[in-house]
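Asker:
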DNA sequence: TCTGTTTGCCTAAAGGGTTTAGGCATGCGC
DNA sequence: GCGCATGCCTAAACCCTTTAGGCAAACAGA
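Chains as they are written, first to last, in the numbering used here: chain S, 256 to 446; chain V, 256 to 446.
(1) Tell me, please, whether the CB atom of residue 407/S is closer than 7 Å to any CB atom in chain V?
(2) When the Cα atoms are used, what is the spatial distance from residue 367/V to residue 373/V?
(3) How should residue 309/S be labelled, buried or exposed, when 16 other C-beta atoms within 10 angstroms of its C-beta is the threshold for buried?
(4) Are residue 405/V and residue 426/S touching if we call contact CB-CB under 7 Å?
(5) Tell me where the alpha helix (DSSP H) around residue 393/S begins and ends.
(6) Indicate whether at least one CB of chain V lies closer than 7 Å to the CB of residue 381/S.
(7) Shorter than 7 Å from the beta carbon of residue 437/V to some beta carbon of chain S?
(8) Is residue 432/S close to chain V, meaning its C-beta is less than 7 Å from at least one C-beta of that chain?
(9) Consider the Cβ of residue 339/S: report whether some Cβ of chain V lies at a distance smaller than 7 Å.
(10) Assuming residue 283/V and residue 305/V make a contact with CB atoms under 8 Å, what is their CB distance in whole Å?
(11) By a C-beta neighbour count over all protein chains shown, 10 Å radius and 16 as the cutoff for buried, is residue 398/V buried or exposed?
(12) Among residues of its own chain, excluding the 5 on either side of residue 393/V, which ones have a beta-carbon nearer than 7 Å to its beta-carbon?
(13) Check for me: the alpha helix (DSSP H) holding residue 426/S runs from which residue to which?
(14) Along the alpha helix (DSSP H) that carries residue 261/V, what are the first and last residues, could you check?
(15) Pop quiz: residue 278/V and residue 353/V are said to be a contact at Cβ under 8 Å. What is the actual Cβ separation, rounded to whole angstroms?
(16) Chain S partners of residue 403/V, CB-CB under 8 Å?
(17) To the nearest angstrom, how far is the alpha carbon of residue 421/V from that of residue 318/S?
(18) Throw me the rounded Cβ distance for the residue 360/S and residue 313/S pair, which I believe falls under 8 Å.
(19) Listing by chain order, which chain S residues have their CB less than 8 Å from the CB of residue 487/V?
(20) Residue 341/S: which of 322/S, 290/S, 385/S and 400/S sits nearest, CA to CA?
(21) Taking the alpha-carbon of residue 295/V as reference, which of 416/V, 266/V and 320/V has the nearest alpha-carbon?
(22) Using 7 Å as the limit for Cβ to Cβ distance, is residue 445/S near chain V?
(23) Are the C-beta of residue 426/V and some C-beta of chain S separated by less than 7 Å?
(24) Taking just the CA atoms, how far does residue 299/S sit from residue 433/S?
(25) Within the same chain, show all residues whose beta-carbon is closer than 7 Å to that of residue 263/S, passing over the 5 residues directly before and after it, in chain order.
(26) List the residues of chain V that residue 391/S touches, going by C-beta distances under 9 Å, in chain order.
(27) Taking only beta carbons into account, state which residues of the segment 353 to 384 of chain V come closer than 8 Å to chain S, listed in chain order.
(28) So which residues of chain V does residue 413/S contact, with C-beta pairs closer than 8 Å?
(29) For residue 357/S, tell me which candidate among 276/S, 387/S, 291/S and 439/S has the shortest Cα-Cα distance.
(30) Are any of the Cβ atoms in chain V nearer than 7 Å to that of residue 410/S?
The structure is reproduced here in structure tokens:
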């Protein structure tokens, strides 16, 4: 009866790998126990419940994503920063679909406040510094960017663009052009 | 032992109501059986499996959404059509979060091709007719609109904008302004 | 090195969801 | 009124979650 050396951190890492392999929805405490060749109940010494597992995977993914994003925007500004930042999201989602899905998991407010989610918001505002937007327009722009990035990536991942021309990479690039233009010439309210 | 009068259609409708009440993820064949005061196994005469239930709810939601959208864009064009169309999505998602989540359910290609999803795509292109975009820019624009609508609505629904000023309605309106401007002056490729 | 304690993984069991097989009665067609 | 199809049933297998309680391994102190 050799001990398996389980810890919440190792479980979260293994859960993240599992998510990328079989999809975040399919990540279960049972599947994780099988992966460690251990009985299911054993995991409950390290995790309060299956929700905690999912939350830990989400936090891990948010960290990774924030680290990549920080790296990408360092030393860039304007359109350069915008596309580098955007590409981090798209590339991460394509490399790690399970982790990306985990990162979209709704978190309770305290958890969210202590997560790397705040770094994401800060970085998005840092990117927008290159565009000279005053509040509340900056917040509107943050929400626009979040919507486009998340929306595009999740539609692409779910296959919505799979079987139609043109290449999704092309659309992504042209959409970033459009966003850049919009941010440089942010319009006043219409009516 | 009075017969309950189950049909796939009634099950889908009841499933849609259940989804709005408890969330699409929580819609289960068991819960539906309880709602009809019937044993679980009975539902399997009408549904191949629980996936079919989810798919039927998704199809129902796509129909409803397409009907509303068709109604909204009839007789409108340009920014008017754009905002009417966009508001249909946002309002539907807020009124029927479970159904909206169902509508985002990935469908297999044949099912998708036979669904109201095609009407959605057609209507989106109809809205874009007011903006004079040639292919492939029109497709890029379709993808942009889809991304923004879906992204914004799903972020708002998951509470991402809940506890921060300004009012999400205000951002929504300003984002639609920005989209309208972008579509009217769609930029050429940057580099 | 031995001892006591903590810790980690175990067995057992209950509860809920999915799905299939097979049975019986209801209600319709004749 | 009779036969048959259909609709809902019971039963059972399988998987996932979660809790309770047990035993042994690893560790700390003497």
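For glycine and all other residues, C-beta sits at the position ideal for the given N, C-alpha and C.
Answerer: Quick answer:
(1) yes
(2) 8 Å
(3) buried
(4) no
(5) 392 to 412
(6) no
(7) yes
(8) yes
(9) no
(10) 7 Å
(11) buried
(12) 380 and 383
(13) 423 to 439
(14) Premise fails: residue 261/V is in no alpha helix (DSSP H) and is neither H nor E.
(15) 6 Å
(16) 399, 402, 403 and 406
(17) 27 Å
(18) 4 Å
(19) Residue 487/V is absent from the model: chain V starts at 256 and stops at 446.
(20) 400/S
(21) 266/V
(22) yes
(23) yes
(24) 49 Å
(25) 301, 302 and 311
(26) 420, 421, 425, 426 and 429
(27) 359, 361 and 364
(28) 359 and 361
(29) 276/S
(30) yes
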